[in-house]
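In full-length UniProt numbering, the protein residues as written are 1 to 171.
As structure tokens, then:
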């Protein structure tokens with residue numbers, strides 16, 4: 001009798017044929033877990049830029065127990081980069097356009113949960129590719145999710161620069 005291998009604790013979003021499905025599955029599973037309607041939950045993200053914290057979470061988390069969240073990886077920032085010292089996104093310091101974002105702890109919390117400090121948080125859209133969409137009609141197809149991440153400037157600053165997360169990088 002073969003033993004079943006455990007589910008992974010970290011999911012590479014770019015490896016999924018339909019990455020939107022991963023976020024839908026997390027939402028549905030969490031709604032069942034918390035016995036709340038889907039529309040009463042919201043995603044909360046934490047950038048795991050500390051290697052020790054990431055290793056601890058990976059060793060203590062199983063994908064079948066999502067109560068503590070799951071770890072997602074494979075997102076690149078298009079037009080910005082992550083600064084480990086500031087724990088925030090910053091302007092690119094080199095000519096490279098896309099920079100890998102550290103893994104994220106993705107959790108669902110009730111919508112009425114107060115946000116910590118929302119003054120320097122950017123709601124970053126995540127698209128399948130850097131092309132994003134050719135037309136407005138295609139935007140919904142190419143948009144995977146929106147992640148909230150700390151930033152060094154105001155949200156308007158990053159929105160004006162069209163900073164986004166992308167899953168497929170052509171380098």
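Glycine is no exception: its CB is placed at the ideal position from the N, C-alpha and C atoms.
Since the model is a prediction, treat every value here as computed from it, not as a measurement.
Name the residue from the options whose alpha carbon lies nearest to the alpha carbon of residue i.
i	options	result
residue 27	38, 19 and 17	38
residue 151	167, 70 and 80	80
residue 90	55, 121, 131 and 16	121
residue 124	95, 41, 82 and 164	164
residue 110	31, 24, 11 and 19	31
Alpha carbon to alpha carbon, how far is residue i from residue j?
i	j	result
residue 172	residue 43	Because the chain here runs from 1 to 171, residue 172 falls outside it and cannot be looked at.
residue 157	residue 77	15 Å
residue 161	residue 21	28 Å
residue 135	residue 142	10 Å
residue 15	residue 52	25 Å
residue 9	residue 19	16 Å
Please classify residue i: does DSSP put it in a helix, a strand, or coil?
i	result
residue 69	coil
residue 88	strand
residue 13	helix
residue 19	helix
residue 141	helix
residue 130	coil
Since residue i and residue j are thought to touch, with beta carbons under 8 Å apart, how far apart are those beta carbons, to the nearest angstrom?
i	j	result
residue 108	residue 47	Between residue 47 and residue 108 the Cβ distance is about 17 Å, and since that is not below 8 Å, they are no contact.
residue 144	residue 98	Actually they do not touch by this definition, with Cβ atoms about 16 Å apart.
residue 74	residue 13	5 Å
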